[in-house]
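Visitor:
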Amino acid sequence: MTATLTSTSKIESLLGDEAESLLTYKAKIPSEMLQLPGADLIERVYAKSDRSPQVLRSLQQLYSTGRLANTGYLSILPVDQGIEHSAAASFAPNPMYFDPENIVKLAIEGGCNAVATTLGVLGMVSRQYAHRIPFIVKLNHNELLTYPNQYDQIMFGSVEQAWNLGAVAVGATIYFGSEESARQIQEVSKAFARAHELGMATILWCYLRNNVFKQDRDYHLAADLTGQANHLGVTIQADIIKQKLPECNNGYNAIAKATGNKYGRTDDLVYSELSSDHPIDLTRYQVLNCYCGRSGLINSGGSSGKNDFAQAVRTAVINKRAGGCGLISGRKTFQKPFAEGVKLFQAIQDVYLSEEIAIA
């Protein structure tokens, strides 16, 4: 398959001065070490695990829907920002998305594999749409109405509720590094185990959260720290890991230097042999920590801005060439006019459909 709406030359144009570097770079960790996306992903990787036939069926449904069907790649619309960021901050730019039906319509028209959103949104339209596109219920959220604002992921719904409305997967967030992370790990691990018992797949938003990570750079986006968060995520059997695209590295040492206290444990080989400053190497280290790609890595598209098409395509190229399995893009799509949001999804998908954009 080849790119359609966004030709390879258009992709190169959107990448600008980074085009040659991003499209021709050879990663330090060889791709042969990884389990890469492909049409046979479920049989080649997941079917060897302890996942039940029902979970395998749910994963196959995720990977067999939308424009990227049967490629091994995912394009997902996530809309949990109405709680995470407030409904006003999320939907005021485009009030039509206060209506749950329009969220699902955007995912369908955008050719997405699935829509990931709240229990309330999916429950409101489940009888109309659960058979048309895979549902992913996001179980926990960070509520920002309490004063002073608290930053804690708490459960808003149950696995059983997700199953009853027809979801094929559940999602959750853990703030690794936060004071609440121990409780969140236990809650989400229990929820994921129950989801697997009921035949649903599991997706974990592996985010870092601690003010100490903000030093001379934002080490919430460090490859070594986000990589370890990913490794903790697959330890509780997340089938798919959602992580922010890394922008730097050496978070362990930077935090130790800034605080004057030893922080965690790492190895110099991570920085000399397993990664570099190149974004593809940084992201491949994230994939390495997802059991060498046995649990798929999807990166996030980030907040909406002036250069959303270029940024989204850049992220997709990095994720694909690093060995990731797709992109999850919310505000860049639903904070735009409907038709423009659809086009942005298709631009992202064209990266994964292009045979000319190969694994690094």
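In this text, residue positions in the sequence shown follow my numbering: the first is 18, and each later residue adds one.
Glycine included, every Cβ here is placed at the ideal spot set by N, Cα and C.
Mapping DSSP to helix, strand and coil, what is N324?
Guide: Note: N324 maps to coil in three-state DSSP.
Visitor: Could you tell me if P151 is buried or exposed, where buried requires 16 or more neighbouring beta carbons within 10 angstroms of its beta carbon?
Guide: The residue is buried, with at least 16 neighbouring Cβ atoms inside 10 Å.
Visitor: Expressed to the nearest angstrom, what Euclidean distance is found between the alpha-carbon atoms of V304 and Y80?
Guide: Taking the straight line joining both Cα atoms gives about 18 Å.
Visitor: Report all residues from its chain with a CB closer than 8 Å to the CB of K261; omit the five preceding and five following residues, and keep chain order.
Guide: Cβ neighbours of K261 beyond the five flanking positions: Y224, H237, L238, T243, N316, S317 and G319.
Visitor: Taking the alpha-carbon positions, what's the A147 to L182 distance?
Guide: Approximately 8 Å, taken between the alpha carbons.
Visitor: Report the CB separation of D298 from K45 in whole angstroms; it is logged as a contact under 8 Å.
Guide: The pair is a contact, with the Cβ atoms about 5 Å apart (cut-off 8 Å).
Visitor: Please report the straight-line C-alpha distance between Y90 and F351, rounded to a whole angstrom.
Guide: Using only the alpha carbons, I get a separation of about 21 Å.
Visitor: Closest to H158 by C-alpha separation, out of Q145, A56, S175 and P165, would be which residue?
Guide: Checked all of Q145, A56, S175 and P165; the closest Cα to H158 is S175.
Visitor: In terms of residues, what are the limits of the beta strand (DSSP E) holding H158?
Guide: Its beta strand (DSSP E) spans residues N157 to N159.
Visitor: Using 10 angstroms around the beta-carbon of N228, count the other beta-carbons present and answer buried if the total reaches 16, otherwise exposed.
Guide: So N228 counts as exposed.
Visitor: Once DSSP output is grouped into helix, strand and coil, what is the label at F152?
Guide: Three-state result, F152: strand.
Visitor: Determine the DSSP secondary structure at L162, reduced to helix, strand or coil.
Guide: It is coil, neither helix nor strand.
Visitor: Which same chain residues, not among the five before or five after L58, have their C-beta less than 7 Å away from its C-beta?
Guide: These residues qualify, in order along the chain: Y80 and G89.
Visitor: DSSP has P95 in a bridge; who is on the other side?
Guide: DSSP, once it has assigned bridges, lists A133 as partnering P95.
Visitor: Sorted by chain position, which residues of the same chain lie with C-beta nearer than 7 Å to D325's C-beta, five sequence neighbours on each side aside?
Guide: The residues are K349 and L361.
Visitor: Checking 8 Å against the spacing of the C-beta atoms, do A210 and V187 come in under that value?
Guide: No. Outside cutoff.
Visitor: When burial is assigned at 16 or more other CB atoms within 10 Å of the CB, is Y369 buried or exposed?
Guide: It is buried - the Cβ of Y369 has at least 16 other Cβ atoms within 10 Å.
Visitor: State the Cα-Cα distance for the pair K279 and E49, rounded to the nearest angstrom.
Guide: Going from the Cα of K279 to the Cα of E49 covers about 35 Å.
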